[in-house]
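Notes to accompany the following structure.
In this note's numbering, the protein residues as written are 226 to 905.
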C-alpha cells in the first residue's frame with residue numbers, strides 16, 4: 226500500500242470562549258480520522274490554532290482590564306487542557322496572532338492585489354455606540370431579511386441558509402452591549418471572487434471535494450448568480466493585523482483565520498525541518514478540512530478562491546458535519562445541556578463521549594443528537610458489556626499461563642474479524658464511524674459467544690484442563706485485541722491499556738490480522754467502569770447552576786419576536802356569531818399516506834369518534850412523514866363544505882401554523898382531549 230501524505234485541519238476555535246460539547250463533535254471526528262490514518266501507516270499531520278482576532282476579543286479584554294495578548298494566551302491554555310482531556314492530539318496548535326500568520330497574510334494579500342481582485346468601496350456598517358466599535362457580522366443579531374427568522378447573526382441565516390450584510394437585518398441588536406446599532410460609513414476593501422466563478426463552479430461540482438448535499442446547496446444558493454464581493458477589511462479600532470498598504474485598516478478575522486491553517490503548518494515545518502512547499506504546494510499532499518455546516522460558504526467558495534490565487538494547494542476534501550442537539554433540542558444553558566468540556570471531565574470518562582459520538586457520526590451533513598438516556602445505555606451495553614467484558618472474562622484467567630505459542634482452532638473467528646478489518650477501514654476512511662462501530666460490535670458479539678461457550682472460569686477449576694484454559698484465553702484475548710486495534714482511533718486509552726495488558730503496544734492497523742502469541746499476560750486492571758445516570762445528572766446540574774441565564778429575569782425567556790405577526794397581519798374583525806359558525810373538533814389520525822401526484826399533500830383519514838370518519842387532503846407533506854401522524858390528535862375544521870379535488874373528496878381541514886415549507890406545525894390538544902370534542 227502506498228503511503229499517503231495527508232494534512233488535516235479542524236476549524237479554529239475562537240479565543241473568546243471555552244470549548245463545549247458541541248465543539249467536540251468536530252474535534253473528535255477529526256482526531257478519530259487522523260488516528261486512523263496514522264494507524265494505517267500514512268504520513269498524516271493534524272493542525273489547528275486559536276482564532277484570536279476581532280472585535281469580541283478586543284471588547285472582552287477591555288472589560289477585564291487586560292491586554293488582548295493576555296486574554297488569548299489564557300484562553301489558548303484552557304483550550305489545550307480541554308483538548309488534552311479528551312485525548313485530542315494536534316501535531317501543531319498555533320495562534321492566528323503569530324508572526325507566521327502575519328507573514329502569510331501578507332503573501333496572500335499580495336497575490337490578491339497582483340491578480341487585481343481587490344477593490345475599495347464605501348460601506349455602510351453597524352456601529353455599537355455603547356462599546357464604541359464597528360460590529361463584526363457575528364456580533365449583531367436580528368431577523369433574517371429573507372425568511373424573517375428571528376435571532377439570526379449578521380452574516381447568514383441558520384434557517385434558510387442565505388448570506389447577507391448585517392445592515393440588512395431586521396431590528397438588529399449588538400450582542401456586546403444590547404444597544405441598537407447606528408449606521409455609519411467607512412471605506413472597506415473587498416475581494417472580487419466573482420472573477421473566479423468558473424473555477425469555483427468546476428471545483429465544487431466535480432463530485433470529488435464535497436458531500437453531494439453541500440455541492441447541491443452551493444449550486445442552488447450561490448453559483449446560480451454572480452458571487453458577491455467579499456468585505457475583507459475593518460477600520461480601527463480593531464484587534465488584528467494592520468494591512469500594510471492600507472494604514473488604519475485591518476484584515477477581517479475571516480481573512481486571517483483560514484490562513485491560520487497554513488501558518489500552523491509553517492510553524493510545524495520550521496520546528497521539524499520539513500519542507501513547507503511539500504505540504505502546501507504539492508499535488509502529492511492531500512489537504513482535508515473538517516468543519517461545521519455553519520461555515521460552509523467560507524471554506525467552499527472564499528477559501529478555495531484565496532488558495533488558488535496565491536498558488537497554494539486546494540483541499541482534497543472538505544468534510545462538513547451538522548450541529549449537536551441534546552434530546553432533540555438546541556443546547557440550552559438554562560436546561561444545563563450547554564456543557565463545557567471542562568465540566569464534563571469533572572464527572573465522566575472522556576472515552577464515553579468519544580465512543581458515543583463515533584457511534585452516531587455518518588458521512589452525511591446531519592445533526593447529531595445526544596439523548597442522555599441512550600448515552601448511558603449505549604456506553605454500558607457496547608463498551609462495558611461487549612468490548613471490555615471480553616477482556617475481563619479472559620485476562621484474569623491467563624495471568625499464570627500466558628498466551629499459547631501457536632494459535633488454537635477457533636472455528637474461523639479470528640479470520641472472519643480480520644476480513645472485517647477491510648470493511649471497517651473503508652468506513653473510517655469515508656467518515657462513516659457509525660458503520661465502523663456496528664461492524665466492530667458484531668465481531669465483539671461473536672467473540673463473547675465463544676467465551677460463553679468455553680467458560681474459562683469453569684476450566685480454571687479443573688487442574689487437568691490447563692491447556693484448554695490457555696487456548697481459550699489465547700483465542701479470547703486475541704479476539705479482544707483485534708477489537709482494540711479497530712477501536713484505537715476512537716478509544717486511544719483502551720488501546721494503551723490493551724498494550725500494557727498484553728505487553729505489546731498497538732502501533733499498526735495490520736496487527737489485527739496477526740495473532741499475538743507466546744506473550745505474558747499482565748494482571749488485569751479495570752479498563753472502563755459503567756456510566757451512571759447519577760453522574761450525568763450531576764454534570765447537567767452543575768452546568769445549569771453555572772449558567773448566567775439563571776440570574777436573568779424570567780420574562781426574558783418569553784420575549785417572542787413579532788415577525789410572524791408582521792408577516793401575516795391580523796384578519797378583519799369578526800363577531801362572535803361569525804366565529805361560532807366554524808366547528809372545530811378534536812380528531813385522531815387513523816390513516817395517513819402520500820399522494821404521489823401532489824408535491825405538498827398527504828391524505829389523512831380522521832376519526833371523530835366511533836364510526837365517524839373524514840378524509841382530508843392536507844398540505845403538510847414537506848413537514849411530516851405519514852408514519853409520524855398515525856395515532857396523533859389534531860384539530861379539524863369539521864363543518865367545512867366538502868371540496869372535490871383531483872385526488873379525491875376532501876371533507877374538512879386540519880389546523881396548522883407556520884410560514885410553510887418545512888415550517889408547518891400541526892395544532893394539537895393537551896393530554897386528556899378526546900376525538901369529537903368541540904373547541905370553545
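Backbone N, C-alpha and C fix where the C-beta goes; we use that ideal spot for every residue, glycine too.
The model shown is predicted, which means the values in this text are computed figures rather than measured ones.
What residue does the alpha helix (DSSP H) around residue i start on, and which one ends it?
{"i": "residue 330", "result": "324–339"}
{"i": "residue 256", "result": "246–264"}
{"i": "residue 576", "result": "575–585"}
{"i": "residue 297", "result": "293–310"}
{"i": "residue 637", "result": "Counting along the chain, residue 637 falls outside any alpha helix (DSSP H), and DSSP gives it neither H nor E."}
{"i": "residue 428", "result": "422–429"}
{"i": "residue 723", "result": "717–727"}
{"i": "residue 184", "result": "Look at the range of the chain in this structure, 226 to 905, and you will see that residue 184 is not part of it."}
{"i": "residue 619", "result": "614–620"}
{"i": "residue 438", "result": "437–446"}
Can you look up residue i in the DSSP assignment and give me helix, strand or coil?
{"i": "residue 502", "result": "helix"}
{"i": "residue 568", "result": "helix"}
{"i": "residue 483", "result": "helix"}
{"i": "residue 555", "result": "strand"}
{"i": "residue 354", "result": "coil"}
{"i": "residue 651", "result": "helix"}
{"i": "residue 460", "result": "strand"}
{"i": "residue 895", "result": "coil"}
{"i": "residue 703", "result": "helix"}
{"i": "residue 527", "result": "helix"}
{"i": "residue 779", "result": "In this predicted model, residue 779 has a pLDDT of only 31, less than 50, meaning its place in the structure is not dependable enough to derive any value."}
{"i": "residue 628", "result": "coil"}
{"i": "residue 774", "result": "Annotation note: pLDDT 42 at residue 774 (below 50); position unreliable, coordinate value reported separately. Residue state, collapsed to three classes: helix."}
{"i": "residue 858", "result": "strand"}
{"i": "residue 784", "result": "Residue placement at residue 784 is flagged as unreliable, the pLDDT there being 42, under the threshold of 50; the coordinate-derived value follows with that caveat. Residue state, collapsed to three classes: coil."}
{"i": "residue 747", "result": "coil"}
{"i": "residue 468", "result": "coil"}
{"i": "residue 385", "result": "coil"}
{"i": "residue 318", "result": "strand"}
{"i": "residue 609", "result": "helix"}
{"i": "residue 662", "result": "helix"}
{"i": "residue 764", "result": "helix"}
{"i": "residue 346", "result": "strand"}
{"i": "residue 876", "result": "coil"}
{"i": "residue 900", "result": "coil"}
Per DSSP, residue i forms a beta bridge with which residues?
{"i": "residue 222", "result": "Absent from the structure is residue 222, since the part of the chain shown begins at 226 and ends at 905."}
{"i": "residue 359", "result": "352"}
{"i": "residue 377", "result": "367"}
{"i": "residue 455", "result": "416"}
{"i": "residue 496", "result": "Answer is none; residue 496 lacks a bridge partner."}
{"i": "residue 542", "result": "513"}
{"i": "residue 269", "result": "231"}
Could you check how far apart the C-beta atoms of residue i and residue j are, in whole angstroms? I think they sit under 8 Å.
{"i": "residue 312", "j": "residue 718", "result": "6 Å"}
{"i": "residue 630", "j": "residue 743", "result": "5 Å"}
{"i": "residue 337", "j": "residue 425", "result": "Not a contact, Cβ separation roughly 15 Å."}
{"i": "residue 697", "j": "residue 681", "result": "5 Å"}
{"i": "residue 662", "j": "residue 763", "result": "Actually they are not in contact, since the Cβ atoms of residue 662 and residue 763 sit about 27 Å apart, beyond 8 Å."}
{"i": "residue 898", "j": "residue 891", "result": "Incorrect: roughly 14 Å between the Cβ atoms, too far for contact."}
Between which two residues does the beta strand (DSSP E) holding residue i run?
{"i": "residue 232", "result": "230–235"}
{"i": "residue 396", "result": "395–399"}
{"i": "residue 869", "result": "868–870"}
{"i": "residue 407", "result": "407–416"}
{"i": "residue 594", "result": "593–595"}
{"i": "residue 831", "result": "827–832"}
{"i": "residue 809", "result": "809–819"}
{"i": "residue 839", "result": "838–843"}
{"i": "residue 277", "result": "It is not in any beta strand (DSSP E) - residue 277 carries neither H nor E in the DSSP assignment."}
{"i": "residue 241", "result": "Neither: residue 241 is in no beta strand (DSSP E) and is coded neither H nor E."}
Does the contact criterion of 3 or more C-beta pairs under 8 Å hold for the stretch 251–259 versus the stretch 531–539?
Judged by Cβ distances under 8 Å, the stretch 251–259 makes no contact with the stretch 531–539, as fewer than three pairs qualify.
Touch test, the stretch 724–731 against the stretch 702–713, Cβ-Cβ under 8 Å, three pairs minimum
yes
Please determine if the stretch 637–654 and the stretch 750–769 are in contact, where contact requires at least 3 C-beta pairs separated by less than 8 Å.
Output reads no: the stretch 750–769 does not touch the stretch 637–654.
Three CB pairs or more closer than 8 Å across the stretch 808–828 and the stretch 846–861
They touch, by the three-pair rule.
Cβ contact check for the stretch 486–493 and the stretch 326–344: 3 or more pairs under 8 Å:
yes
Given 8 Å as the limit, is there contact between the stretch 636–645 and the stretch 600–618, that is, 3 or more CB pairs closer than that?
Taking 8 Å as the limit for Cβ pairs, the verdict is that the stretch 600–618 does not touch the stretch 636–645.
Is there contact here, the stretch 291–301 with the stretch 469–483, by at least three beta-carbon pairs under 8 Å?
no
If you pair each beta-carbon of the stretch 451–459 with each one of the stretch 471–478, do three or more pairs fall below 8 Å?
With a cut-off of 8 Å, the stretch 471–478 and the stretch 451–459 count as touching, because enough Cβ pairs lie within range.
Kindly confirm or deny that the stretch 338–349 and the stretch 505–517 touch, where touching means at least three C-beta pairs closer than 8 Å.
no
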